[in-house]
Every structure is written in C-alpha cells, then in structure tokens.
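This report concerns only the one structure given below.
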Amino acid sequence: MYENGGGAMPGSGFDEWVAAFEAEKARREWIADPEWGHGVELPAVVVRSLQKFQVGEDGDGANLRAKADLAGDAAYSAAVRLFVDEERNHARLLAELLGAAGAPLLDGHWSDRIFVRVRRLLGLRTELMVLMVAELVAVEYYRSLRDGLADPLAREVTGRILRDERRHIPFHVQRLRQSFGEIAPSARPFAQLAWLLLALAGALFVAVDHGPALHAVRASRGRFLGAVARHARVVGARMAAREGRAVADPQAG
Ligand SMILES: [Fe+2]
Ligand SMILES: [Fe+2]
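Numbering (the working numbering) for the sequence shown: 334 to 586.
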C-alpha cells in the first residue's frame, strides 16, 4: 500500500489518517463534480480573490512529499500524498468555478511565489507550522464565502473545500505534536508564541489583501482576523500539548 520503503513507526497513528483520506477520496469520486455548465455569478472582487487562492491551492506538493519521506514514517508519507491530492483538487475545483464564471486563471502571484520559496528553505516541522497558518486562514476564508455568497454553485464549491480544510488542521496537529515533543520543554512556549504571531501576521496579510472580497460577502476584515486568532489559539495549544492520539477538530459549526 505504501510506496515508501522506510520503516513505519508502529502506532504513529497515521494509518487512521490514510484510511480517512482514502475514504474521502472514494466519497469524492462517488458524489462527482457539481454541474459546471450552469455558470456562476460572482462579484468581480470575489473573482480576483479566488484567482489568487486558486494559485495558492496549486502549491508545492513535491517539496512537502520529499520532506515527509525523510521523516521515515511510511504511513505519514502515504497520508501526505493523499493530503497533497486534496489540495490539488481544490485548485482544480476553483479553476472550474472560475471557468464557469468566465474568468481566466492567474499564471502565478507574487505572494504565492514568496510563500513557496520560503517553505522550500524550511524543515518539515517549520514547513508544517507555516502550512498550518494557511489552513487556518483557508478555513475562515472559505467559510466566509460559503455563508456569504448567493450563487449556489459557488456555495457548493467553497463548502466542499471548507470540509477538507477543516480536516487538514487536526492532520497537521497530529504531526506537529510529535515534532513539538522534540523541542526542549523550556523552548516550547516560545515556539508556540512565535507560531501564534506568524498566524496573526498571515491572517492580517490575507485580511488586507482580500478585504474587498470579504466585504462583498459581509465578512469584515476585523471579524475575519478575530476568528482566525481564536482558532489559532486553540490549535497552538493542541500542537504544544503532550503527545497523544485523540485529535478532534477544534471547530464545530
Ligand atoms: Fe486547500
Ligand atoms: Fe488544506
């Protein structure tokens, strides 16, 4: 089942994640794509915002997969591959949605190029910490769009992506909890604080850059920032908590 020849850590807990990602993949194939042919009506500021998110979703999977392989846990490597597939599927869904709106895709965006370049320089733990910020921002962004857009196709697509992004958070928490266990106990609070500041900076950047789109779906920048900050506090505490297997999504609703 796993291509990686490295020895799996017994009981690392990622077999359950492989099963969960595979079940999700089967469900995705079962429900099939929404009907794109009906077209979609989106405010111009939302189109511009989705074009940037589409580039971000089409991220640097090969790099993350290589780092996951080096961690020597075959189940984790397999889970990361399935995770990357889900992110690529988000890029595909957004591309279809933008196509249905008659909008072109962007070749790239400077903020995404910086994001990818920085992540390449990092080790697995730091990369996952950066990626976690992107997941937190994505959850609040897609939720704002799903709840605030009038178009049913756009609501369907953002709702589908939101469902996956919510699952990605406990997935990364589980690996980061292991990684935090490798940091000296005295340094953990500083790592947690540094991550929290990074999360706030990331949320602020997106709130400013995508402010007009948030405004168009009646989600203010302040509310967006507050929601990401509250979620980040809970997730940061879970990452730094003593290693354990029980990981629940901290977000209901
Ligand atoms: Fe995504
Ligand atoms: Fe994600």
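Cβ atoms here follow ideal geometry from the backbone N, Cα and C, with glycine treated the same way.
Check                                                                                                                                                                                               : Outcome
What first and last residue would you give for the alpha helix (DSSP H) that runs through H505?                                                                                                     : 485-513
Short check: CB of L276 to CB of A536, under 8 Å?                                                                                                                                                   : Examination of residue 276 is not possible in this model, given that the chain is present from 334 through 586 alone.
When you compare each of A404, Y474, A574, D440 to D542 by their alpha carbons, which one comes out closest?                                                                                        : Y474
Does DSSP put P518 in a helix, a strand or coil?                                                                                                                                                    : helix
Heavy atom of ligand 1 less than 7 Å from the Cβ of K471, yes or no?                                                                                                                                : In the sequence under discussion, the amino acid at residue 471 is Ala, which differs from the Lys named in the question. Yes, Cβ of A471 sits closer than 7 Å to a heavy atom of ligand 1.
Can you give the Cα-Cα distance for L430 and V373, rounded to whole angstroms?                                                                                                                      : 7 Å
Which of the three DSSP states, helix, strand or coil, is assigned to R589?                                                                                                                         : Missing from the structure shown is residue 589; the chain here goes from 334 to 586 and no further.
Please find out if some non-hydrogen atom of ligand 2 comes closer than 7 Å to the beta-carbon of H501.                                                                                             : yes
Report all residues for which the CB-ligand distance to some heavy atom of ligand 1 is below 5 Å; order them along the chain.                                                                       : E390, E420, H423
For L438, which of helix, strand or coil comes out of DSSP?                                                                                                                                         : coil
Whether or not the segment 560-579 and the segment 518-533 are in contact is what I'm after, with contact meaning three or more pairs of Cβ atoms, one per stretch, closer than 8 Å; do they touch? : yes
Suppose the cutoff is 6 Å on Cβ atoms and the five residues either side in sequence are ignored; what does the same chain contact list for H501 look like?                                          : E468
Which residues in the same chain as V580 place their Cβ atom closer than 6 Å to its Cβ, once the five residues preceding and following it in sequence are excluded?                                 : Summary for V580: the model assigns pLDDT 42, below 50, so the residue's position carries little reliability; its value from the coordinates is reported in the next sentence. The answer, listed in chain order, is P503, V506, Q507.
Does at least one heavy atom of ligand 2 sit under 7 Å from the Cβ of D497?                                                                                                                         : yes
Between the Cα of F287 and those of E515, V561, A487, A412, spot the shortest distance and give me the residue it belongs to.                                                                       : No answer is possible for residue 287: the residues shown for the chain start at 334 and end at 586.
Can you list, in chain order, the residues of its chain with a C-beta nearer than 6 Å to that of V490? Leave out the 5 residues immediately preceding and following it.                             : L426, L430
Specify whether the segment 410-424 and the segment 363-380 touch according to this definition: at least 3 beta carbon pairs, one from each stretch, less than 8 Å apart.                           : no
Return the residue from the list D418, S512, R414, G435 that minimises the CA-CA distance to L375.                                                                                                  : G435
Counting only the same chain and skipping the five closest in sequence on each side, list residues whose C-beta sits under 8 Å from that of G569.                                                   : Q525, W528, L529, A532
Applying the criterion that 16 or more other CB atoms from any shown protein chain within 10 Å of the CB defines a buried residue, is V388 buried or exposed?                                       : buried
Can you give the Cα-Cα distance for I447 and R453, rounded to whole angstroms?                                                                                                                      : 10 Å
Look at the Cβ atom of V472, then the Cβ atom of V463, and state whether they are nearer than 8 Å.                                                                                                  : no
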